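Read the structure below first, then the notes.
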Amino acid sequence: MDLYKEILINILAQQEIHITFPSLQDDLNALVEMRCLTALREIRSVLDDPALDDETCFQRIEKIVAIFEKLGSDGGMRHDFG
1 MDLYKEILIN
11 ILAQQEIHIT
21 FPSLQDDLNA
31 LVEMRCLTAL
41 REIRSVLDDP
51 ALDDETCFQR
61 IEKIVAIFEK
71 LGSDGGMRHD
81 FG
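Quick note on UniProt numbering: the sequence shown kicks off at 1 and runs consecutively.
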């Protein structure tokens with residue numbers, strides 16, 4: 001990275017930031033809760049799926065991690081296949 005960009009990044013990192021979403025009409029807490037309830041229902045469905053019958057539950061865990069990833073969350077410690 002060139003010196004100009006490094007200095008600019010440093011200056012901008014110290015500034016106060018205000019972000020607005022003027023077209024967002026819904027209550028954010030309600031939106032998050034709705035997404036969480038949907039995720040929990042999907043997780044319950046995965047856990048109840050008799051087709052996922054491997055002894056170590058790898059397929060179940062992998063499907064649950066994929067649900068969290070759809071929400072924008074990561075798989076945590078259980079999804080480190082690097």
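All residues carry an ideal CB built from backbone N, CA and C; glycine is no exception.
This one's a predicted model, so the numbers in the text were calculated from it and none came from an experiment.
It is roughly 22 Å from the alpha-carbon of Ile61 to the alpha-carbon of Met34. By the C-beta density criterion, Ile9 is exposed, having fewer than 16 other C-beta atoms within 10 angstroms.
Contact between Val46 and Leu52 holds, since their C-beta atoms are separated by about 7 Å, short of 8 Å. Within a 10 Å sphere around the beta-carbon of Ile64 sit 16 or more other beta-carbons, which makes this residue buried. For the pair Ala13 and Ile7, the Cα-to-Cα distance works out to about 10 Å. If you look at Cys36, you'll find it in the alpha helix (DSSP H) that goes Leu28 to Asp48.
Annotation: Ala30 to Thr38 spans about 12 Å, alpha carbon to alpha carbon.
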